[in-house]
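A quick write-up on the structure given underneath.
Number of protein chains: 2
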Amino acid sequence: MKCDCDFCSLKTIFFNTINPNELENYCNAKIQRAYKAKENIIKQNDSIQEFIYLKEGLVKLYRDTPAGNQIISIGKPLDFVSLLSVFADEKYSYSVSAIKDSVVCVMNLNDVKKLILENGPFALRIITVVNKATDRILFDYLDISQKRLYSRVANVIIKFSELSQNLSFEMPISRKEMAQLVGMSIENVIRTISDLRKDNIIKVYGKDIEILDFEKLKHIRDIS
Amino acid sequence: MKCDCDFCSLKTIFFNTINPNELENYCNAKIQRAYKAKENIIKQNDSIQEFIYLKEGLVKLYRDTPAGNQIISIGKPLDFVSLLSVFADEKYSYSVSAIKDSVVCVMNLNDVKKLILENGPFALRIITVVNKATDRILFDYLDISQKRLYSRVANVIIKFSELSQNLSFEMPISRKEMAQLVGMSIENVIRTISDLRKDNIIKVYGKDIEILDFEKLKHIRDIS
DNA sequence: AATTTCTTATGATAATTGTCATTGATTGAC
DNA sequence: GTCAATCAATGACAATTATCATAAGAAATT
Chain L
59 MKCDCDFCSL
69 KTIFFNTINP
79 NELENYCNAK
89 IQRAYKAKEN
99 IIKQNDSIQE
109 FIYLKEGLVK
119 LYRDTPAGNQ
129 IISIGKPLDF
139 VSLLSVFADE
149 KYSYSVSAIK
159 DSVVCVMNLN
169 DVKKLILENG
179 PFALRIITVV
189 NKATDRILFD
199 YLDISQKRLY
209 SRVANVIIKF
219 SELSQNLSFE
229 MPISRKEMAQ
239 LVGMSIENVI
249 RTISDLRKDN
259 IIKVYGKDIE
269 ILDFEKLKHI
279 RDIS
Chain D
59 MKCDCDFCSL
69 KTIFFNTINP
79 NELENYCNAK
89 IQRAYKAKEN
99 IIKQNDSIQE
109 FIYLKEGLVK
119 LYRDTPAGNQ
129 IISIGKPLDF
139 VSLLSVFADE
149 KYSYSVSAIK
159 DSVVCVMNLN
169 DVKKLILENG
179 PFALRIITVV
189 NKATDRILFD
199 YLDISQKRLY
209 SRVANVIIKF
219 SELSQNLSFE
229 MPISRKEMAQ
239 LVGMSIENVI
249 RTISDLRKDN
259 IIKVYGKDIE
269 ILDFEKLKHI
279 RDIS
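Chains as they are written, first to last, in the working numbering: chain L, 59 to 282; chain D, 59 to 282.
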C-alpha cells in the first residue's frame, strides 16, 4: 500500500531527509481527520500534543480576546495548522476552525520531536519551514497595521482572489470575519465594500465577488 | 583560558546538548562586537550570514516602511538579535540598531546550521527558543493592535519600568521611537504622556519617568 | 410555515487618532 | 561658543474609525 503522504506537505519536509523505509513508518503513524465547515479543530488553551497540517480545505487561526475574535491567519492546504507555539508552548494560545470542509493530517508531536533529535536534515528543514511561516504571519501583520481601512479591505479581497486564482470568486468568510481579519469594525468593512462596488472596482452579490478593476484595487491596497 | 560564553544565552542553549570540549570549540569560534548607542548592527536587506545574540545593552529591531520606521521589538540581553527570518530567508527584512551601548556575540550561521544537522538535542533546543521568541513578538503585536492610544502608551511605560526593575527609570528611547513602537503619532504619544502626568499617574522630567500610581497605570493598560 | 437569529446594509453621530502649525528646549556639528 | 537640526510640547483642526440605531434579507430552528 502506497503511503498517501505523497501529496502532503510532510512529504516535502521529509524529502531527501529520511530514507524511504523510515518515511513509510512515520507516514503510517499519522492520522487523518476530516472536519465540516465551522467545526473546531483546535481550541485555545488545549494542550499541544500533536503536529497538525492542512491537507485539504481552508481554516482560520484566531484568538478569543476581550474585544472579540481576532483572526491571526488563514490556513491554506499544505500550511501548518499547529504553527505557532508548537515547540514553544504547552498550550495553544489560539483556536483553529474550518472555514471550508477540511482534512488535516496529524502526527504525534513526540514523534516529530524524536525525528528532530535523530535526523539532522529533517531538523534543519522543519526549523526553516516553521520559521518562514511564522515570519510571513508577523510581517503581514506589520504591513496591514500601517494601512488604513480601504487598503486593508482591498488587501483581503485580492488575497482571496489570488487564492481562488480567479478575479471572480466566492468569498469564503463572512463580513464579520473579514472585519476580524483586518482589525476594523464590521460596519466600516461593509461600507468599504459598498464603496468599492459603487466605484465599479468590484461587483458584489452577497459572497460572490468579481474584481472589475484589478489595477485600481491594487493601487488602493498599496497606498495609504 | 575560560570560555566567556558562560554568561551568554548560547551557553543556555548548549547546556547539556553538547559536550564541554566541543562547546569550547564553538565558543571560541564566535566573535564579539561592541556598538555605541545609535550604531547600526544589522541593516535591512543585508544578507544573513551570521547568528547574532545580545550580550549586553539594548537594541531595537525595526523596519523601514513608506510610513516611516516601524519598531518591531526591543531586544534585551540574552535575546536573539537575528531572530526572525534567520533560518527562513536570505536577507534581513528588518534593521537592528543599538539603543544603549551594546555587545553582541556572533556565530557563523553555517556553524549553527552544522550544529543543528549534527546535534539533535541542540536542534530541538534552538527550534524551541527561536520559536518562543518569535511567538512573543507576534502575540505582543496582536495584543497592542487591539488596544487604544492610552493603553499602548501605558504598556510601553510599564515594560521599560519592568526592564529597569524600578518604578523610577530613564526611558531609553525617544518619544518618536515610543511612537514608532506603539504605532501611533508622536504628537498623540506626547499628549498621552502629558495627560498621565497631569493626572498624577506618572512624573516626567524629560526621559526620567517615575510611576506614581502603578495600579492605575496597569488599569489603563488593561482596559480599552 | 412561522419564528427566531444572524448577516448585510446604511445613516447619523461620537470617539479616536492624525496632521499642521508654532514654540521652546536640547543636542550635535563645526 | 554658535548655528543648525532634532526633540518635546501644545493647540487647532481635519481625517479616520467606531458605535448606535434601524431595517431588510438570509439562514437556522422549531
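Backbone N, C-alpha and C fix where the C-beta goes; we use that ideal spot for every residue, glycine too.
Asked: Chain L residues whose Cβ lies nearer than 9 Å to that of G284 of chain D; Found: Here chain D has residues from 59 to 282 only, and residue 284 of chain D is not among them.
Asked: Contacting residues, own chain, Cβ-Cβ under 7 Å from L254 of chain L (five flanking each side not counted); Found: I260
Asked: Of the listed residues D:K171, D:D271 and D:K118, nearest to I185 of chain D (C-alpha basis); Found: D:K171
Asked: Expected contact under 8 Å - CB spacing of R279 of chain D and A212 of chain D to nearest Å; Found: 4 Å
Asked: Residue-level contact to chain L via CB, E176 of chain D, 7 Å cutoff; Found: yes
Asked: Unbroken beta strand (DSSP E) run spanning L270 of chain L, endpoints; Found: That residue, L270 of chain L, is in no beta strand (DSSP E); it is neither H nor E in DSSP.
Asked: Interface residues of chain L facing G241 of chain D [CB-CB closer than 8 Å]; Found: S203 and Q204
Asked: CA-to-CA distance, N166 of chain D to K60 of chain L, given in whole angstroms; Found: The pLDDT assigned to K60 of chain L is 46, lower than 50, so where the model puts this residue is not dependable; a value taken from the coordinates is nonetheless given after this. Roughly 42 Å separates the two Cα atoms.
Asked: Where R5 of chain L falls: helix, strand or coil (DSSP); Found: Given a span of 59 to 282 for chain L in the structure shown, any question on residue 5 of chain L remains unanswerable.
Asked: Boundaries of the alpha helix (DSSP H) in which M165 of chain D is found, first to last residue; Found: Note, M165 of chain D: premise wrong, no alpha helix (DSSP H); beta strand (DSSP E) at S160 to N166.
Asked: Closer than 7 Å at the beta carbon, the chain D residues around L207 of chain L; Found: By Cβ distance, chain D contributes nothing, its closest Cβ being about 14 Å from L207 of chain L, past 7 Å.
Asked: K88 of chain L, buried or exposed, once every other Cβ within 10 Å from all chains shown has been counted against 16; Found: buried
Asked: Cutoff 7 Å: T75 of chain L Cβ touching any chain D Cβ; Found: no
Asked: Neighbourhood of L75 of chain D by C-beta distance below 7 Å, restricted to the same chain and skipping five residues each side; Found: Reading the sequence as shown, one finds Thr at residue 75 of chain D and not Leu. Same-chain partners within the cutoff: N177, P179, F180 and R183.
Asked: Distance between T123 of chain L and E235 of chain L (C-alpha atoms, nearest Å); Found: 14 Å
Asked: Start-end ranges of the alpha helix (DSSP H) lying completely within the segment 199 to 262 of chain D, minimum 4 residues; Found: 207 to 222, 233 to 240 and 244 to 256
Asked: Local conformation of I130 of chain L per DSSP, three classes; Found: strand
Asked: Option nearest A95 of chain L by Cα separation, candidates L:N103, L:E114, L:D104 and L:F145; Found: L:E114
Asked: Sequence-distant residues of the same chain with beta carbon closer than 6 Å to D98 of chain D, five excluded per side; Found: Reading off the sequence, residue 98 of chain D comes out as Asn, not Asp. Hits under 6 Å: S155.
Asked: CB contact flag (S151 of chain L, S140 of chain L, <7 Å); Found: no
Asked: CB contact flag (P78 of chain D, L112 of chain D, <7 Å); Found: no
Asked: Residue of D:G133, D:S252 and D:S105 minimising C-alpha distance to I231 of chain D; Found: D:G133
Asked: Option nearest S131 of chain D by Cα separation, candidates D:K217, D:C163, D:H277 and D:K265; Found: D:K217
Asked: Separation of D266 of chain L from S222 of chain L, as counted between CA atoms; Found: 12 Å
Asked: Straight-line Cα distance separating Y199 of chain L from A146 of chain D; Found: 17 Å
Asked: The segment 96 to 127 of chain L: positions lying closer than 7 Å to chain D by Cβ; Found: R121, T123 and A125
Asked: Chain-order list of residues whose beta-carbon lies under 6 Å from that of D271 of chain L (same chain, five-residue window excluded); Found: I259
Asked: Cut-off 6 Å between Cβ atoms - residues of its own chain near S226 of chain L, not counting five sequence neighbours on either side; Found: E268
Asked: Q238 of chain D beta carbon less than 7 Å from that of I100 of chain D; Found: no
Asked: Residue from D:I174, D:N189, D:R233 and D:N168 whose Cα sits closest to the Cα of I215 of chain D; Found: D:R233
Asked: Beta carbon proximity, I129 of chain D to chain L, threshold 7 Å; Found: no
Asked: Start and end residues, beta strand (DSSP E) containing N371 of chain L; Found: Past the edges of chain L, shown from 59 to 282, lies residue 371 of chain L, and the structure says nothing about it.
Asked: Within-7 Å CB hit, I259 of chain L to chain D; Found: no
Asked: heavy atom of the ligand MN below 6 Å from A95 of chain L C-beta; Found: The ligand MN is not among the ligands present in this structure, which contains no ligands whatsoever.
Asked: Extent of the continuous beta strand (DSSP E) run through Y120 of chain L; Found: E108 to T123
Asked: A125 of chain D versus Q204 of chain L: straight-line alpha-carbon distance, rounded; Found: 7 Å
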